[in-house]
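Novice: Before anything else, here's the structure in question.
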Amino acid sequence: MKICITSEGKTLDSKVDPRFGRCQNFIFFDTDTGNFEAEANTNSQFQGGAGIQSGQLVVSKGVKAVLTGNVGPNAHQVLSTAGVSIFTGVSGTVKEAIDGYKHGKYKPADAPSVGSKFGMPNK
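Just so it is clear: in the sequence shown, position 94 is 82 by the working numbering, and no numbers are missing.
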């Protein structure tokens, strides 16, 4: 099964990014094979719509679960409508997040954890 972890870097030792729509990178991890792919989040600089665009990107990769610190209402709607399970409150390294997921440490988030402007850069 493919899962997605928001990440500050591009390795399994990177820290989990506390933002979904404006995270620095996505790590796409296959729980069956242990293989992963890191992809920079080009949506993070958008003035608006970053959560929607990031959600659509993740859905297009065939992901079944997202591990992140927080998720806003727009991203939550895109992901949940596509049947993607969302796990918030995740921290530590990407590897620790994956291990926690495999051991059932996290509960699915049935609602957004932050408002729609969370993580926007201050101007």
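The C-beta atom is built at its ideal place from N, Cα and C for all residues, glycine as well.
(1) Would you mind sorting A85 into buried or exposed? The rule is 16 or more other CB atoms within 10 Å of its CB.
(2) Determine, using beta carbons only, whether V46 and C(-8) come nearer to each other than 7 Å.
(3) Any idea what DSSP makes of E(-4), helix, strand or coil?
(4) Answer with buried or exposed for H91, where buried requires no fewer than 16 other C-beta atoms within 10 angstroms of its C-beta.
(5) Here's a check: name, in chain order, each residue in its chain whose Cβ is nearer than 6 Å to the Cβ of C11, leaving out the five neighbours to either side.
(6) Please state if the CB of S2 and the CB of V82 are separated by a distance shorter than 7 Å.
Specialist: Let me spell this out:
(1) buried
(2) yes
(3) For E(-4), the three-state secondary structure derived from DSSP is coil.
(4) exposed
(5) T(-6), D5 and N29
(6) yes
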